[in-house]
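Enquirer:
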Amino acid sequence: MNVHEFQAKQLLARYGVVVPKGKAVTSKDAAEKWVSQLDSSIYAVKAQIHAGGRGLAGGVKLTKKREEVGALAKSLLGITLVTHQTGPQGQKIRRVLIEEGVAIKKELYLSLLIDRRTGWPVFISCPEGGMDIEELAKTNPQAIHKEYIDPSSGFQPFHGRNLMLNLGLHVMGPQVAKLFRALVGNLYRFFMEKDASQVEINPLVITEDQEVIALDAKVIFDDNALARHPDVLKVRDLHEEEKLEIEASKHGLNYVKLDGTIGCMVNGAGLAMATMDLIKLAGGEPANFLDVGGGASQETVKEAFKILLSDRKVKGIFVNIFGGIVRCERIAGGIIAAAEEMHVRVPIVVRLQGTNAEQGRNLLNKSGLKLKATTDLWEGAQAVVELTSGPSKKSRAA
Amino acid sequence: MSILVNKSTKVVVQGITGKEGGFHAGQCREYGTQIVAGVTPGKGGKKADGVPVFDTMHEAVEETKADTSLIFVPAALCADAIYEAAAAGIKLIVCITEGIPVNDMVEVKRSLVGTGIRLIGPNCPGIITVGEAKIGIMPGFIHKRGRVGVISRSGTLTYEVVKQLTDEGLGQTTCVGIGGDPVGGMNFVDVLDLFEKDPKTEGVVMIGEIGGDAEVQAAEFIKKMMKKPVVAFIAGITAPPGRRMGHAGAIVTGGGETAAEKMKVLKSAGAHVLDNPAKIGACMTQVLSSIENS
């Protein structure tokens, strides 16, 4: 689960991480009221959306004039910000974070995540802050330091010293060194206790008056652990999530919207991905990832159809079910009932394989519904692409 | 021969009195697996479909000499179940449960280092040695005893491949679902190594997906250590970066984690990499017959 920057900062502050004095507001009035309590030489007005790349997209404004803050907040609130992470549709700005600026002496990069190869938490640090770490990993990998933490003994003072030395902070005086080592220990404690899957401070800054401050913060929490962190779950912002995806999850469906025209309904995540890949290979574009799970009852199939059809781009549907424990004739029954009730108007190709696949196919063929049943995966993918591509495309191919 | 499990494997089911645990314990038994015990704290002394139930793993192992455990307990209780199995002397732990917090698995994985205990999963269909033992939730009837080993991060996509290998007449030796979570037990390299050493396995199908670098490690191993042919498919060529595709571990967050990049390194390591998952069985037939004819 993603949280906003201001929420990440609030949660981190409870663990002793120092963040700039700031507040998230939803109106110009509130912005002006808040800024009147601040006294700084520079102010930041930052769009609060989950996607990254806000700065480059114009979602972060700086000003030295306190009286400008309200207008800057107004200029951002309510607009749709398009960053390289939001997709072309962008994300509406509902809140801005108003913060006191700080006098920056040095900017650093620091993050903490689980290294999948070792299964150990790892700090990633870089003496050049504020830049894209992925890009830096390609252009200057030597600048990046990785500090692995053995989960059985946890964070130890030597980890802090290693990070400090690699960032060159030992030359910045004893206060900075001490504050930094405390900060990394606190970050590790936060990460493990709150079941974060990623914490990124970019930039972490050393100020002119020797303070160590998280100027930006991005935290992602492990979805599997949210049940034991009600305080984290409380700050979930559903506005930032795709409506259809929220609706799908209510019915135990796993749905991710894409940009194509062929809706997919599949049991199992791996097979669902492979089905999308096959559609592409057959010359089509998948409209979504949709895993109906192991159950795939009539009810779930119906909900899945609803979700697929509410995407107006969908011109055809490919149902791909491998019946294992689930029997295909039951799923066929579910598809027929759902398709009849929903008046599905787009062509449907159903590929059934596994337990009682033949029976299932017979049921579908006798149903009188406008659908094509098959047992062969590749044939099914080609058929749905054929049925959804208009005559113009066919004539081009001919 | 086969790898990891066979007809003498003795299995205790943790969470046997639950709906899933009870159903699948029955299915495994029907397949011929020796399900010797079940464990559910508080339900000791009862029987679940004829299988004795114990309160603790320690009792279950002592009474039945079980060497393998199959876990169906809810996600929040899984770390505890794995620790209990390890403490009781279980040598192979197969964890089916999906949704275990990653940090729990970080600590579990670390605790198993150096113990010789093997963990399969979590969030996986389990393991089957065809005709001998099914320790998981896969449909037994699609398998056929044969020549090919299968390793996969997925469930139904594995069944898809297994069915193709059966239809081709090749059959399988052992099929291992290593699971779709970011931190788990055995990885591709561990299982490839066992298949390379297994005299019955002539070739291996490997099913990977986006996220992590387990396939890249596998490619390094294939290049250096494997003589047997590997046919590979990586799911998710159409998956957008930064989006989680069903499995907790199926997300591209960094370099080298996309399907295209994984396919490329596997190809250069000498694996037969397919872009069409419907043709995996046919490809293996071709690969094995070209070896026979050479």
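Protein chains in written order, with numbering that gives the first Met the number 0: chain A, 0 to 397; chain B, 0 to 293.
Note that CB positions come from ideal geometry on N, CA and C, so glycine has one too.
Model, not experiment: these values are computed from the prediction.
(1) Report the neighbours of V105 (chain B) on chain A: residues whose CB is nearer than 9 Å to its CB, in chain order.
(2) So, with DSSP's three-state summary, where would you put D114 (chain A)?
(3) If we call anything under 9 Å between Cβ atoms a contact, is Q6 (chain A) one with A50 (chain A)?
(4) Using a 10 Å radius around the Cβ and a threshold of 16 neighbouring Cβ atoms, would you call I246 (chain B) buried or exposed?
(5) If you follow the beta strand (DSSP E) that C174 (chain B) is in, where does it begin and where does it stop?
(6) Check whether the Cβ of S394 (chain A) lies closer than 9 Å to any Cβ atom in chain B.
(7) Skipping 5 residues on each side, what residues in its chain have a beta carbon closer than 6 Å to that of P124 (chain B)?
(8) Please determine, among B:V264, B:S267, B:E208, B:G179, the residue with the shortest C-alpha to C-alpha distance to A273 (chain A).
(9) What residues in the region 261 to 291 of chain A have a beta carbon less than 7 Å from any beta carbon of chain B?
(10) Counting only the same chain and skipping the five closest in sequence on each side, list residues whose C-beta sits under 6 Å from that of Q358 (chain A).
(11) Considering only residues of the same chain and omitting the five flanking positions on each side of E241 (chain A), which have a CB-CB separation below 7 Å?
(12) What is the residue span of the alpha helix (DSSP H) that H23 (chain B) lies within?
(13) Should I245 (chain A) go down as buried or exposed, given a rule of 16 or more other Cβ atoms within 10 Å for buried?
(14) Does DSSP classify P120 (chain A) as helix, strand or coil?
(15) Just the chain A side, please: which residues come within less than 9 Å of E208 (chain B) by C-beta, in chain order?
(16) Going along chain A in order, which residues have a C-beta closer than 7 Å to the C-beta of Y158 (chain B)?
(17) Going residue by residue through the region 150 to 230 of chain B, where are the continuous beta strand (DSSP E) segments of at least 3 residues, counting only ones entirely within it?
(18) State the Cα-Cα distance for the pair A249 (chain B) and G280 (chain B), rounded to the nearest angstrom.
(19) Would you report the Cα separation of L178 (chain A) and M163 (chain A), rounded to the nearest angstrom?
(20) Please report the straight-line C-alpha distance between L270 (chain A) and G49 (chain B), rounded to a whole angstrom.
(21) Using 9 Å as the threshold, is the C-beta distance between A84 (chain B) and I95 (chain B) below it?
(22) Note down the Cα distance separating H24 (chain A) from E99 (chain A), rounded to an integer number of angstroms.
(23) Mind checking who S68 (chain B) pairs with in its DSSP beta bridge?
(24) For I290 (chain B), is the classification buried or exposed, using 16 other Cβ atoms within 10 angstroms of its Cβ as the cut-off for buried?
(25) With DSSP as the reference, label C327 (chain A) as helix, strand or coil.
(26) Taking just the CA atoms, how far does K371 (chain A) sit from M191 (chain A)?
(27) Quick check on A380 (chain A) - is its C-beta less than 9 Å from some C-beta in chain B?
(28) Please state whether the Cβ-Cβ distance between I70 (chain B) and A47 (chain B) is less than 9 Å.
(29) Looking only at its chain, what residues have a beta carbon closer than 6 Å to the beta carbon of L37 (chain A), apart from the 5 residues adjacent to it on each side?
(30) Starting from P138 (chain B), find everything on chain A with Cβ-Cβ shorter than 7 Å and list it in chain order.
Expert: Walking through what the data contain:
(1) Correct list: I113, G118, W119, P120, P150, M191.
(2) strand
(3) no
(4) As written in the sequence, residue 246 (chain B) is His, which differs from the Ile given in the question. Answer is buried; the Cβ neighbour count reaches 16.
(5) 171 to 176
(6) Its pLDDT being 38, under 50, S394 (chain A) is placed unreliably in this model, and the value from its coordinates should be taken loosely. No, no contact with chain B.
(7) G135, I136, M137, G154, G176
(8) The candidate whose alpha carbon is nearest that of A273 (chain A) is B:E208.
(9) N266, G267, A268, G269, L270, A271, M272, A273, M275, D276, L277, K279, L280, P285, F288, D290
(10) E328
(11) K256
(12) Segment 18 to 30, the alpha helix (DSSP H) holding H23 (chain B).
(13) exposed
(14) When secondary structure is reduced to three states using DSSP, P120 (chain A) falls in the strand class.
(15) A268, G269, M272, A273
(16) F321, G323, G353
(17) Listed in chain order, the complete beta strand (DSSP E) runs (minimum 3 residues) inside the region 150 to 230 of chain B are 171 to 176, 202 to 208.
(18) 24 Å
(19) 10 Å
(20) 36 Å
(21) no
(22) Note that residue 24 (chain A) corresponds to Val in the displayed sequence, not to His. Whole-angstrom Cα-Cα distance: 14 Å.
(23) B:V11, B:I92
(24) exposed
(25) helix
(26) 51 Å
(27) yes
(28) No, the Cβ-Cβ distance between I70 (chain B) and A47 (chain B) is not below 9 Å.
(29) E99
(30) What P138 (chain B) touches in chain A: G323, I324, G353, T354.
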